[in-house]
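Asker: Under my numbering, think of the first position of the sequence shown as 1200, with each following residue one higher.
In this text, a Cβ means the ideal position worked out from N, Cα and C, and glycines have one as well.
This one's a predicted model, so the numbers in the text were calculated from it and none came from an experiment.
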Amino acid sequence: MLAVLLLCTAGVASAHVGSPDVYYDGYAGPYHLLVTIRPPTVVPGVAEIQIRSVSNDVTRIQILPLRMVGVAARLAPRPDTAERSSSDPQLFTGGLWLLVRGAWKVQVHVDGRHGKAELAVPVTAVSTTSARMRRALGGLLAVLGIFLVAGLVAIIGAANREADLAPGEHPGDSKKHRGRIGMVVMAVIIVVALVSGNGWWSAEAADNARLLYRPPHVQASLQNGNLLSLQLEGPTAETRAPLRLDLPERPRVDDLIPDHGHLMHLFLVRMPDMKSFWHLHPQQVDAGEFSQGLPDLPAGDYWIYADIVHQSGFSETQIGEIDLPAVSSSQPTADDAGVANANADPKVSQLGDGYRMVWEQDAAPLKALKAKEAMHFRFRIEDRNGKPATDMENYMGMAGHTVFLSNDGKVFAHVHPAGSVSMAAAALAQGENPATTDAMAGMHHAPLSPEVSFPYGFPQPGDYHIFVQIKRGGKVETGVFAARVL
């Protein structure tokens, strides 16, 4: 089954699985913005940028791409002015070239009634596919190529046959023979050149195919009955080559940085029923090696999604699979949490102590969800009397976490109230040290509110589960919802 997952997710971006678009809800000074970035599938390529101002006090937005770290992070190009929509004056759009693979940030410069302000949004650029020539264009070029080859052979034949003839003189048999020999020689030269060129082209295409980003694979094994051992996939020989500037920026597995307090956010989901879901935080044993004591969980085939962030700001999710027996252990501690037997509902999810979580939508009946449409997913926590919960707490420095997971497991996105970016990458984009900050830049969400929202857009149609985790009364609880996307 994992091989099928790897094959089906071969065209995904590095952050998350099958969900390449970036959604970010943040503030540029006093201006509240919702930023959507659609990275190119081939690098170099153009990233599509959409910026929506929540209020109408923005007059101009400029955007520019910068590398996340290094010398290039200080070499800013001239910014592009985002185009304001004529039908929606609070929507600005633009496109930016991302020229090399790796961790980037989109710098947003805002002008408005309250002066100038800036916001930086991290984005990962990798090639996930090879752009193929359109069939019509290929056919046209083939016809033109045949015409050029035939013309070149004919020119060489005519030159050898008639170049030294006097005006009005006709070539004799010897000159005709020489012309035919010239044509044959030129045809052989052209064939050799075409074969050599095709070999060079195929070698370059094979090299490029090896550099296409694939979701890395984490190896998992169970030890001593309840200890999960994890081995991250390290870089290949190609990704270690020091002089290749076009390589994906995933250099090693000993350069990880904490993302809101943890080097890894591990998600275990029992497939295919998706009833058992766990959000855990393994401890690093050695470079690329982690271990995690498992809580009580039922037996089954568990799919693994392991979120990590590199020092460069390059975020990725390593995937894996393990068949687990029923595990008997202690209750999860610290930030570890999950649910062993959840039932997904399209509207309401029952929590502990009679509490419940309600998915708030804009219209009744439920508004149809559409792929590629950015929106805020809002959830309200109520007590047993239907009143807003009053015992809400921060969960790892924020109001909550959510996972959007397609029922076939091919789409996975770990999203925060600020959006789909990792908070460590967000801190780097703002020029902060993620090891010494909470990486909460741009997040203006009230952590004690009984409501929590997450900006996101489904990448493709299908059936999904949404796992929403919040903390109340000293306990992390998980709401589970079902969604159908058109």
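(1) Using a 10 Å radius around the Cβ and a threshold of 16 neighbouring Cβ atoms, would you call ALA1202 buried or exposed?
(2) Let me know if SER1401 comes out buried or exposed under the rule of 16 or more other beta-carbons within 10 Å of its beta-carbon.
(3) Run the CB neighbour count on THR1258, radius 10 Å, all protein chains shown included, and call it buried at 16 or more, exposed below.
(4) Counting Cβ pairs, one atom from each stretch, are 3 or more of them under 8 Å apart for the region 1221–1230 and the region 1276–1285?
(5) Ends of the beta strand (DSSP E) at GLY1490?
(6) Looking at the strands, I want to know which residues DSSP matches up with TYR1223.
(7) I'd like to know if the region 1662–1671 and the region 1479–1493 are in contact, where contact means that at least 3 CB-CB pairs between them fall below 8 Å.
(8) Which runs of the beta strand (DSSP E), 3 residues or longer, sit entirely within the region 1506–1574?
(9) If you draw a straight line from the alpha carbon of LEU1410 to that of ASP1485, how long is it in whole angstroms?
(10) From what residue to what residue does the alpha helix (DSSP H) around ASP1372 run?
(11) Which residues does DSSP pair with LYS1586 in a beta bridge?
(12) Which first and last residues belong to the alpha helix (DSSP H) in which GLY1337 is found?
(13) Between TYR1501 and the rest of its own chain, which residues show a CB-CB distance below 8 Å, the 5 nearest in sequence each way excluded?
(14) Helix or strand or just coil, what does DSSP make of ALA1271?
(15) Looking at the unbroken beta strand (DSSP E) that takes in HIS1600, where does it start and where does it end?
(16) Do ASP1186 and GLY1618 have their C-beta atoms closer together than 9 Å?
(17) Under 8 Å: do the region 1645–1654 and the region 1351–1369 share three or more Cβ pairs, one atom per stretch?
(18) Which partner residues does PRO1264 have in the DSSP bridge list?
(19) State the Cα-Cα distance for the pair VAL1417 and TYR1594, rounded to the nearest angstrom.
(20) Classify LEU1647 as helix, strand or coil using the three-state DSSP reduction.
(21) Is the region 1262–1271 touching the region 1330–1350, taking contact as three or more C-beta pairs under 8 Å?
(22) Given this structure, state the Cα-to-Cα distance separating LEU1297 from PRO1276, to the nearest angstrom.
(23) Using the Cβ count rule (16 or more neighbours within 10 Å means buried), how would you classify TRP1477?
Answerer: Reading it off the structure:
(1) Taking the sequence shown and counting its residues from 1, the one referred to as residue 1202 is at position 3. For ALA1202, the pLDDT reaches just 49, beneath the cut-off of 50, and the residue's location in the model is therefore unreliable, although a value from the coordinates is still provided. Exposed, since its Cβ has fewer than 16 Cβ neighbours within 10 Å.
(2) To locate residue 1401, count along the sequence shown from 1; it is residue 202. Exposure of SER1401 is indicated by the presence of fewer than 16 other C-beta atoms within 10 angstroms of its C-beta.
(3) Sequence index remark: in the sequence shown, residue 1258 carries index 59 (1-based). Burial call: exposed.
(4) Inter-segment contact for the region 1221–1230 and the region 1276–1285 is absent: fewer than three beta-carbon pairs are separated by less than 8 Å.
(5) Here residue 1490 is taken as the residue at index 291 of the sequence shown, counted from 1. The sequence given here has Ser at residue 1490, not Gly. That run of the beta strand (DSSP E) goes 1488–1492.
(6) One-based indexing of the sequence shown puts residue 1223 at position 24. TYR1223 pairs with VAL1234 and GLY1618.
(7) no
(8) 1514–1523, 1536–1538, 1547–1549 and 1555–1559
(9) Working through the sequence shown from its first residue, we reach residue 1410 at position 211. Working through the sequence shown from its first residue, we reach residue 1485 at position 286. Their Cα atoms are separated by approximately 27 Å.
(10) Counting from one through the sequence shown, the residue named residue 1372 turns up at place 173. Start and end: 1372–1410.
(11) As a working mapping, residue 1586 is identified with position 387 in the sequence shown. Partner(s): none; LYS1586 has no beta bridge.
(12) Numbered from 1 along the sequence shown, position 138 holds the residue referred to as residue 1337. Its alpha helix (DSSP H) spans residues 1334–1361.
(13) Residue numbering aside, residue 1501 sits at position 302 when the sequence shown is read from its first letter. Hits under 8 Å: LEU1467, VAL1468, ARG1469, MET1470, SER1475, GLU1520, ILE1521, ASP1522 and LEU1523.
(14) Mapped onto the sequence shown, residue 1271 falls at position 72. ALA1271 falls in the helix class under three-state DSSP.
(15) Taking the sequence shown and counting its residues from 1, one reaches residue 1600 at position 401. Element bounds for HIS1600: 1600–1605.
(16) As displayed, the chain neither begins before 1200 nor continues past 1685, which places residue 1186 out of reach and without an answer.
(17) Contact between the region 1645–1654 and the region 1351–1369 is absent, because fewer than three Cβ pairs lie under 8 Å.
(18) Taking the sequence shown and counting its residues from 1, the one referred to as residue 1264 is at position 65. In DSSP, PRO1264 forms a bridge with VAL1305.
(19) In the sequence shown, residue 1417 corresponds to position 218, counting from 1. In the sequence shown, residue 1594 corresponds to position 395, counting from 1. Roughly 26 Å separates the two Cα atoms.
(20) Residue mapping note: residue 1647 aligns to position 448 of the sequence shown, counting from 1. LEU1647: coil per DSSP, three-state reduction.
(21) no
(22) Counted from its first residue, the sequence shown places residue 1297 at position 98. Counted from its first residue, the sequence shown places residue 1276 at position 77. Annotation: LEU1297 to PRO1276 spans about 12 Å, alpha carbon to alpha carbon.
(23) One-based indexing of the sequence shown puts residue 1477 at position 278. It is buried - the Cβ of TRP1477 has at least 16 other Cβ atoms within 10 Å.
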